[in-house]
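Top line first, the protein sequences correspond to chains A and B. By UniProt numbering, the letter at position 119 of the first sequence is numbered 119, and the numbering carries on one by one without gaps. By UniProt numbering, the letter at position 122 of the second sequence is numbered 122, and the numbering carries on one by one without gaps. Cβ coordinates follow ideal geometry from the N, Cα and C atoms, glycine included. Bear in mind that the values here come from a model prediction, so they are computed numbers and not experimental data.
There are 2 protein chains.
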Amino acid sequence: MTTLVSSDSTHARQRNEQAILAAAEQVFACHGYRGASVQGIAEAAGLPKSNVLYYVGSKRQLYVTLLERMMARWNAMLDDISIEDDPAEVLEAFIRSKMELTRRHPQGSRLFAAEILQGAPFLQEYLRGELREWVQARARVFEQWADKGLMDPVDPVWLIFLIWSSTQHYADFEAQVLGITDREALSETDYRRITDFLCGVILKGCGVSAGP
Amino acid sequence: MTTLVSSDSTHARQRNEQAILAAAEQVFACHGYRGASVQGIAEAAGLPKSNVLYYVGSKRQLYVTLLERMMARWNAMLDDISIEDDPAEVLEAFIRSKMELTRRHPQGSRLFAAEILQGAPFLQEYLRGELREWVQARARVFEQWADKGLMDPVDPVWLIFLIWSSTQHYADFEAQVLGITDREALSETDYRRITDFLCGVILKGCGVSAGP
DNA sequence: ATGCATCTTGACCATTTGGTCAGGTGCTAT
DNA sequence: ATAGCACCTGACCAAATGGTCAAGATGCAT
């Protein structure tokens, strides 16, 4: 049976590919595209360099694959909203899902940060296309909310950047956060408290709260 | 005269060293420590590689010099505060000076970000020492303000991280900001508006405003 | 002019880089 | 058994890496 054929070899393939992707995400996140070496990735994955290249083709392809995986995770988070929705609920859900992305994929978040730091050579198209459209659509909704007096008339784009940056921080600057707070790692409780804090301050800060 | 001796050779030295530091800050910020090459820095500075190494000794020394310069800029921003001060004024000054640091030294800010991204191998000591002390000192003041009812009882450390991250963002993620907002660069006006926005939202968000 | 210190740089070195390739191993359908 | 296929990997390559060094250029006080 063909299903049995796969059961072993495909199992090995998937196992190796996942190990490579995980190792590469970590190394690229740490050292950036140029700073990462295939040898280093191979060692982190516990495989010979040749084997890594056998699976992924080239360093460039591996990097692109990882970026695409991260963008897919990002997109999965970008649900639609309309003027009918409740600003408080939407903003809170926005902050919470972005924070969840950071918490669940810190390496991917750092990989993304490293890509932007180097000027986003691989993500120009995505930033100037898909993502810009998404931001502008949200921005229009925020503005209509402001017009209806449901929130303060703040610039919606800066507001989106505020949410992105304040959550992203706990992946990208994890080393700093841990060093200053004298922790080994951030617990789920820490994340919950930070998220609550951010929801509280940002919602109140732009005039969106439960009762008036 | 010894003063005249310096006038030319020292002039050349200073000119070259500044060119090297500027070029290196850019290249390190873009590609991180590992990803940067001395050859690339030399080309950006318009000098032969040997000449760069003559001045700076080694890639590692050059990197450390740049980090120290950036930490000096950072420290120059960290003024002292006391419980007597007005929370609104202090928080606003905090946000504005951090934003000014970002605006005036984007390359240095990105260099710092790249260092933290790779796990802060060169800055562990600074983070766990000097900077932690500074954060805790501020945090105590914030807590006393909260006790006196001058601001909401938010966790002061998360508040400091909120200010750092939301300002830092405009250096580290500049490529993303420019791509999404369809700009070539952020003008002084943009920076003023963003700063005003951040001051407004954050101060209001933690219950610190002009009048109740 | 001469001595002295600083500056400049091409040639060179060992090591590492991303990537190729030929020759293997092991499994399965026939 | 054996042909076919996916998987594996050490040996190898040209290019780039950080760094050294010796030989020279430059400028200045004497």
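Return the residues of the segment 109-123 of chain A that lie within a Cβ-Cβ distance of less than 7 Å from chain B, sorted by chain order. Arg110, Ala113, Ala114, Ile116, Leu117, Gln118, Gly119 and Ala120
Sorted by chain position, which residues of the same chain lie with C-beta nearer than 7 Å to A/Ser6's C-beta, five sequence neighbours on each side aside? The residue labelled residue 6 of chain A in the question sits at position 6 within the first sequence. Because A/Ser6 sits at a pLDDT of 40, beneath the cut-off of 50, its placement in the model cannot be relied upon, and the following sentence gives the value as read from the coordinates. Excluding positions up to five away in sequence, the list is empty.
Please report whether the beta-carbon of B/Val154 lies at a distance below 8 Å from any beta-carbon of chain A. On the second sequence, position 154 is the one that residue 154 of chain B refers to. So yes, B/Val154 belongs to the interface.
Is there at least one Cβ from chain B nearer than 8 Å to A/Thr65's Cβ? For this step, residue 65 of chain A is matched to residue 65 along the first sequence. No, A/Thr65 does not count as interfacial toward chain B.
Return the chain-ordered list of same chain residues with a C-beta closer than 7 Å to the C-beta of B/Met71, the five sequence neighbours on each side being excluded. Start at 1 with the first residue of the second sequence, and residue 71 of chain B comes out as number 71. Once the five neighbours on either side are set aside, the close Cβ partners of B/Met71 are Tyr126.
Chain A within 8 Å of B/Gly179, Cβ atoms only: Start at 1 with the first residue of the second sequence, and residue 179 of chain B comes out as number 179. Answer yes: the Cβ-Cβ gap between B/Gly179 and chain A drops below 8 Å somewhere.
List the endpoints of the continuous alpha helix (DSSP H) containing B/Arg208. Here residue 208 of chain B refers to the residue found at position 208 when the second sequence is read from its first residue. Just to set this straight, residue 208 of chain B is Val in the shown sequence, not Arg. Where B/Val208 is concerned, there is no enclosing alpha helix (DSSP H), given that its DSSP letter is neither H nor E.
Closest by C-alpha distance to B/Phe28, when choosing among B/Trp134, B/Thr65, B/Ala139 and B/Arg104: By 1-based counting over the second sequence, the position of residue 28 of chain B is 28. Among B/Trp134, B/Thr65, B/Ala139 and B/Arg104, the Cα nearest to that of B/Phe28 belongs to B/Thr65.
Determine the chain A residues that contact B/Arg132 at a beta-carbon separation under 9 Å, and present them in chain order. The count along the second sequence starts at 1 and reaches residue 132 of chain B at position 132. Within chain A, the residues near B/Arg132 are Gly179, Ile180, Thr181 and Asp182.
Give the straight-line distance between the Cα atoms of B/Val208 and A/Leu47, rounded to the nearest whole angstrom. To locate residue 208 of chain B, count along the second sequence from 1; it is residue 208. To locate residue 47 of chain A, count along the first sequence from 1; it is residue 47. Using only the alpha carbons, I get a separation of about 55 Å.
Assuming B/Trp164 contacts B/Lys98 under a Cβ cut-off of 8 Å, what Cβ separation, rounded to an integer in Å, is found between them? Within the second sequence, residue 164 of chain B is the residue found at index 164, counting from 1. Within the second sequence, residue 98 of chain B is the residue found at index 98, counting from 1. Indeed they touch by this definition, with Cβ atoms about 7 Å apart.
Would you tell me roughly how many angstroms separate the C-alpha atoms of B/Ala146 and B/Ala139, rounded to the nearest one? For this step, residue 146 of chain B is matched to residue 146 along the second sequence. For this step, residue 139 of chain B is matched to residue 139 along the second sequence. Roughly 11 Å separates the two Cα atoms.
A/Gly149 at chain B interface by Cβ criterion, 8 Å: Within the first sequence, numbered from 1, the residue matching residue 149 of chain A stands at position 149. So, not an interface residue.
Between the Cα of B/Asp196 and those of A/Asp196, A/Ser109 and A/Val154, spot the shortest distance and give me the residue it belongs to. Position 196 of the second sequence, counted from the start, is the residue given in the question as residue 196 of chain B. Closest option to B/Asp196, Cα to Cα, is A/Val154.
Residues in the same chain with beta-carbon distance under 7 Å from B/Phe112, minus the five sequence neighbours each way, listed in chain order, please. Numbered from 1 along the second sequence, position 112 holds the residue referred to as residue 112 of chain B. Correct list, in chain order: Met70.
By DSSP, does A/Cys30 sit in helix, in strand, or in coil? By 1-based counting over the first sequence, the position of residue 30 of chain A is 30. A/Cys30 falls in the helix class under three-state DSSP.
Would you kindly work out how many angstroms separate the C-alpha atoms of B/Glu115 and A/Gly149, rounded to a whole number? Within the second sequence, numbered from 1, the residue matching residue 115 of chain B stands at position 115. Within the first sequence, numbered from 1, the residue matching residue 149 of chain A stands at position 149. Answer to the nearest angstrom: the Cα atoms are 43 Å apart.
When the cut-off is 8 Å and only beta carbons count, does B/Arg192 lie next to chain A? Counting from 1 along the second sequence, the entry for residue 192 of chain B is found at position 192. It does not: the Cβ of B/Arg192 has no partner Cβ on chain A nearer than 8 Å.
Neighbour-count burial assignment, A/Gln107, 16 or more Cβ in a 10 Å radius: The sequence position of residue 107 of chain A within the first sequence is 107, counting from 1. The residue in question, A/Gln107, is buried, as its Cβ has 16 or more Cβ neighbours within 10 Å.
With DSSP collapsed to three states, give me the class of B/Leu47. Reading the second sequence from its first residue, position 47 is the one you call residue 47 of chain B. DSSP places B/Leu47 in coil when its eight states are reduced to three.
How long is the line joining the alpha carbons of B/Met77 and B/Leu101, rounded to whole angstroms? Start at 1 with the first residue of the second sequence, and residue 77 of chain B comes out as number 77. Start at 1 with the first residue of the second sequence, and residue 101 of chain B comes out as number 101. Cα to Cα, B/Met77 sits roughly 8 Å from B/Leu101.
Once the 5 residues before and after A/Glu17 are set aside, which same chain residues still bring their CB inside 7 Å of it? To locate residue 17 of chain A, count along the first sequence from 1; it is residue 17. Tyr55, listed in sequence order.
A/Cys30 versus chain B: which residues are under 8 Å apart at the beta carbon? Sequence index remark: in the first sequence, residue 30 of chain A carries index 30 (1-based). Within chain B, the residues near A/Cys30 are Leu117, Gln118 and Gly119.
Using a Cβ-Cβ cutoff of less than 6 Å, which residues in the same chain neighbour B/Met151 once the five nearest sequence positions on both sides are dropped? If you number the second sequence from 1, residue 151 of chain B lands on position 151. Contacts found: Pro87, Trp145, Cys206, Gly207 and Val208.
Taking its Cβ as the centre, do 16 or more other Cβ atoms sit within 10 Å of A/Asp172, making it buried, or is it exposed? In the first sequence, counting from the first residue as 1, residue 172 of chain A sits at position 172. Counting Cβ neighbours within 10 Å, A/Asp172 comes out buried, since at least 16 surround it.
Own chain residues within Cβ distance below 8 Å of B/Phe94, not counting five before or after: If you number the second sequence from 1, residue 94 of chain B lands on position 94. Correct list, in chain order: Ile163.
Other residues of its chain near A/Glu92: CB distance less than 8 Å, five sequence neighbours each side excluded: Within the first sequence, numbered from 1, the residue matching residue 92 of chain A stands at position 92. Here the set comprises Cys199 and Leu203.
Taking only runs that begin and end inside the segment 119-157 of chain A, name each unbroken beta strand (DSSP E) of 3 or more residues, in chain order. none
CB-CB under 7 Å to A/Lys49, same chain, minus the five flanking residues each way: which ones, in chain order? For the purposes of this step, residue 49 of chain A is taken as residue 49 along the first sequence, with counting starting at 1. Closer than 7 Å at the Cβ level, and outside the excluded window around A/Lys49, lie Val38, Gln39 and Ala42.
Where do the N-terminal and C-terminal ends of the alpha helix (DSSP H) with B/Phe112 fall, by residue? Position 112 of the second sequence, counting from 1, holds the residue named residue 112 of chain B. Looking at the DSSP string, the run of the alpha helix (DSSP H) that includes B/Phe112 is Pro106 to Leu117.
Of the residues A/Ile160, A/Leu117, A/Leu159 and A/Val90, the one placed nearest B/Ala175, counting alpha carbons only: Within the second sequence, residue 175 of chain B is the residue found at index 175, counting from 1. Closest by alpha carbon: A/Leu117.
Name the chain B residues that come within less than 9 Å of A/His169, Cβ to Cβ? Numbered from 1 along the first sequence, position 169 holds the residue referred to as residue 169 of chain A. In chain order: Phe161, Leu162, Trp164, Ser165, Ser166, Gln168 and His169.
Closest to A/Leu186 by CA distance: which of A/Ile160, A/Leu123, A/Gln168 and A/Arg103 is it? Counting from one through the first sequence, the residue named residue 186 of chain A turns up at place 186. Comparing Cα positions, the closest option is A/Arg103.
B/Arg132: which of A/Phe161, A/Arg183, A/Trp158 and A/His11 sits nearest, CA to CA? As a first step, residue 132 of chain B is located in the second sequence; it is residue number 132 there, counting from the start. Per the Cα distances, A/Arg183.
For A/Gly57, count neighbouring Cβ atoms within 10 angstroms of its own Cβ and tell me buried if that reaches 16, exposed if not. Taking the first residue of the first sequence as 1, we reach residue 57 of chain A at position 57. Result: exposed.
Listing by chain order, which chain B residues have their CB less than 8 Å from the CB of A/Lys59? Position 59 of the first sequence holds residue 59 of chain A. Neighbours of A/Lys59 on chain B: none; closest Cβ ~12 Å, over 8 Å.
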